[in-house]
Amino acid sequence: MHELAVCQALIDQVEQLALKEHAQQVLSIHLGIGPLSGVEARLLQQAFSIARAGGVAAEAELVIDSLPLQVSCDQCGQTTDALPARLLCGACGNWRTRLVSGDELQLQHVELIRQTADDLAEHETSMQQHERAN
Amino acid sequence: MCDTCGCNVTPGNAHLVQPGGRLSKTADGREAVSVLHGLLDANDHTAAHNREHFNRHGVLAVNLMSSPGAGKTSLLEATIEVLKDELSIAVIEGDLETENDAGRIRAHGVPAIQITTGSACHLDAHMVHDALHQLDLSALDIVFIENVGNLVCPASFDLGQHRNTILLSVPEGDDKPAKYPVMFRAADLVLLSKCDLLPVLDDFKPENARRYLQELASRAPIIELSAKNAAGMDSWLHWLFTELAQLEHRSGELAAVSEPA
Ligand SMILES: Nc1nc2c(ncn2[C@@H]2O[C@H](COP(=O)(O)OP(=O)(O)O)[C@@H](O)[C@H]2O)c(=O)[nH]1
Ligand SMILES: [Mg+2]
Ligand SMILES: [Zn+2]
Ligand SMILES: [Zn+2]
Ligand SMILES: [Zn+2]
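Residue numbers (the numbering used here), protein chains in the order written: chain A, 1 to 134; chain B, 1001 to 1261.
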């Protein structure tokens, strides 16, 4: 169950990013994951629903994009689709292939709402109004 | 943060060094920030740092992975017995503490650091970093890292090793590579362990294991080995000495490059 550890690393990255970008809220987190990444999307979603609690990503949606599994052949040079336990060349059947894509475990982009200077000022004013009203 | 050796790009801040580019901003204030980082960048950064430690001292670091009970500790014990007068060896022990593998290693007169922190299903680079700072690397030739017995999680975490050795034991069945492709694809060497049992467990066919590994496009050499009757031990030791020589050669080249003319 290393998905929990992976998820913790993800949340750490998102929180640092949110801090740097002065985000008030993270809306969605977009990952790209290949079939040979060693991480199961379903388990990662489960881990995320636990690990996101409390932080700036507490309401965020986790969107996982499954990336294709492709190999390129040393012999005939073609790039073809493959399966995790069968990485043979789809064109000539040769086993001497290299992975072109399929082992990614990537944070691609994050959708957030930024805390602008206006927001901050507005927040101040409303706080003051609130105090006066009391 | 490597507080022991003062590396200034810490795992926690490494990604801040890279800029996050803006993609788009919509009217409702939503903004998409493009990132493109590996999720395990913090781990990989520490792993690279560990590798630097090993390189600086010319220490070969070998990560041993397998299912629980495939024979990692037994292999280490047998290896140490043969090599201990010739090479200086230490073990970073990540397998379950309750099995007292560190004690088994120390009984052969070599240092063993037991990792006790973290989840019980894999090692990560931070744990190995803490452990390697408890060793005197300048006095060592080889550090073996015995990973947690698990064919899933450990494959995702680079530890800073030079080579991955994966044990596939005869009682487990010859189709394990097809069932755990992520793990077996990571192998630089596959040891078919407990080969003394081949005559008894005759549905394990080494040629099937070879074929499954080939279907993963694996170029890793395969050695049939038994820690019990020492069959194949010479091939394993030969592989180790070749790796050691290559490491020396690489660090020699590095030294030549960095030396002023
Ligand atoms: N028959 C046989 N048994 C072995 C061999 N190597 C280890 N074993 C046995 O397998 C069990 C697990 O071994 P161990 O080294 O603790 O495995 P680890 O969990 O991978 O470290 C022990 O009972 C060992 O005695 C071998 O080469 N042949
Ligand atoms: Mg063990
Ligand atoms: Zn794990
Ligand atoms: Zn081909
Ligand atoms: Zn260090």
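All residues carry an ideal CB built from backbone N, CA and C; glycine is no exception. Nothing here was measured: the structure is a model prediction, and the numbers come from that model.
| message | Quick check on the DSSP output: what are the complete alpha helix (DSSP H) runs of length 4 or more inside the stretch 18-94 of chain A, in order along the chain? | response | 41-51
| query | Hey, is Ala1178(B)'s beta-carbon within less than 8 Å of any beta-carbon in chain A? | reply | In the second sequence, the residue the question calls residue 1178(B) occupies position 178. Answer yes: the Cβ-Cβ gap between Ala1178(B) and chain A drops below 8 Å somewhere.
| field | Per-residue contacts from Pro1181(B) into chain A (C-beta, under 7 Å) | value | Your numbering for residue 1181(B) matches position 181 in the second sequence. Under the 7 Å cutoff, chain A gives Leu36, Pro84 and Ala85.
| What three-state label does DSSP hand Gly1021(B) in the structure shown? | The count along the second sequence starts at 1 and reaches residue 1021(B) at position 21. Confidence at Gly1021(B) is low in this model, with a pLDDT of 48, below 50, so the placement of that residue is unreliable and no value is reported for it.
| request: Mind the definition here: the stretch 1152-1164 of chain B touches the stretch 1034-1051 of chain B only if three or more C-beta pairs lie below 8 Å; say whether that holds. | output: Contact between the stretch 1152-1164 of chain B and the stretch 1034-1051 of chain B is present, because at least three Cβ pairs lie under 8 Å.
| First through last residue of the alpha helix (DSSP H) which encompasses Ser1074(B) | Walking along the second sequence from the start, residue 1074(B) turns up at place 74. Annotation for Ser1074(B): the continuous alpha helix (DSSP H) segment containing it runs Lys1072 to Leu1083.
| query | Can you list the beta strand (DSSP E) stretches of 3 or more residues lying completely in the stretch 1100-1183 of chain B, in chain order? | reply | 1112-1114, 1142-1146 and 1163-1169
| the stretch 1162-1174 of chain B touching the stretch 1056-1073 of chain B, judged by at least three CB pairs closer than 8 Å | yes
| Glu1052(B) lies in the alpha helix (DSSP H); which residues open and close that run? | Locating residue 1052(B) in the second sequence gives position 52, where the first residue counts as 1. Note, Glu1052(B): alpha helix (DSSP H), Asp1041 to Arg1056.
| said: Check for me: the alpha helix (DSSP H) holding Asn1063(B) runs from which residue to which? | reply: Here residue 1063(B) refers to the residue found at position 63 of the second sequence. No alpha helix (DSSP H) contains Asn1063(B), which is instead part of the beta strand (DSSP E) from Leu1060 to Met1065.
| query | At what residues does the beta strand (DSSP E) containing Leu1213(B) begin and finish? | reply | Here residue 1213(B) refers to the residue found at position 213 when the second sequence is read from its first residue. Per DSSP, Leu1213(B) is not a residue of any beta strand (DSSP E); the alpha helix (DSSP H) it occupies stretches across Pro1206 to Gln1214.
| request: Name, going along the chain, the residues of the stretch 57-84 of chain A whose beta-carbon falls closer than 8 Å to a beta-carbon of chain B. | output: Val71 and Pro84
| task | Mind checking who Glu111(A) pairs with in its DSSP beta bridge? | result | On the first sequence, residue 111(A) is found 111 positions in, with the first residue counted as 1. The partner list for Glu111(A) (beta bridge, DSSP) reads Ser28(A) and Ala1032(B).
| request: May I ask which residues mark the beginning and end of the beta strand (DSSP E) holding Ser101(A)? | output: Numbered from 1 along the first sequence, position 101 holds the residue referred to as residue 101(A). Looking at the DSSP string, the run of the beta strand (DSSP E) that includes Ser101(A) is Thr97 to Ser101.
| message | Please state whether the Cβ-Cβ distance between Ile1089(B) and Ile1080(B) is less than 8 Å. | response | Locating residue 1089(B) in the second sequence gives position 89, counting from the first residue. Locating residue 1080(B) in the second sequence gives position 80, counting from the first residue. It is a contact, given that the beta carbons lie within the stated cut-off.
| message | Need the endpoints of the beta strand (DSSP E) that Glu104(A) sits in, please. | response | Working through the first sequence from its first residue, we reach residue 104(A) at position 104. Element bounds for Glu104(A): n/a, residue is neither H nor E.
| field | DSSP beta-bridge partners of Val1091(B) | value | One-based indexing of the second sequence puts residue 1091(B) at position 91. For Val1091(B), which the question treats as bridged, DSSP gives the partners Ala1112(B) and Phe1144(B).
| task | Please confirm whether any heavy atom of ligand 3 lies closer than 7 Å to the CB of Cys89(A). | result | To locate residue 89(A), count along the first sequence from 1; it is residue 89. Incorrect: Cys89(A) has no Cβ contact closer than 7 Å to ligand 3.
| field | Contact belief for Ala91(A) with Cys76(A) at Cβ below 8 Å, rounded distance in angstroms | value | Along the first sequence, read from residue 1 onward, the residue named residue 91(A) stands at position 91. Along the first sequence, read from residue 1 onward, the residue named residue 76(A) stands at position 76. With a Cβ gap of about 5 Å, Ala91(A) and Cys76(A) count as contacting.
| message | My assumption, with CB atoms under 8 Å, is that Gln106(A) sits in contact with Cys89(A). Please give the rounded CB distance. | response | Position 106 of the first sequence, counted from the first residue, corresponds to residue 106(A). Position 89 of the first sequence, counted from the first residue, corresponds to residue 89(A). About 26 Å separates the two Cβ atoms, so there is no contact after all.
| message | Shorter than 7 Å, the distance from the beta carbon of Ala5(A) to the closest heavy atom of ligand 3, or not? | response | Within the first sequence, the letter at position 5 stands for residue 5(A). At least one heavy atom of ligand 3 is nearer than 7 Å to the Cβ of Ala5(A), so yes.
| request: For Ile50(A), count neighbouring C-beta atoms within 10 Å of its own C-beta (all shown protein chains included) and say buried if the count is 16 or more, exposed if not. | output: Here residue 50(A) refers to the residue found at position 50 when the first sequence is read from its first residue. Ile50(A) should be labelled exposed.
| What does the shell around ligand 3 hold, if a residue joins when its beta-carbon is under 5 Å from any heavy atom? | His2(A), Cys1121(B), His1122(B) and Cys1153(B)
| request: Compute the minimum distance between the beta carbon of His1129(B) and the heavy atoms of ligand 5, and state whether it is under 7 Å. | output: By 1-based counting over the second sequence, the position of residue 1129(B) is 129. Yes - ligand 5 has a heavy atom lying nearer than 7 Å to the Cβ of His1129(B).
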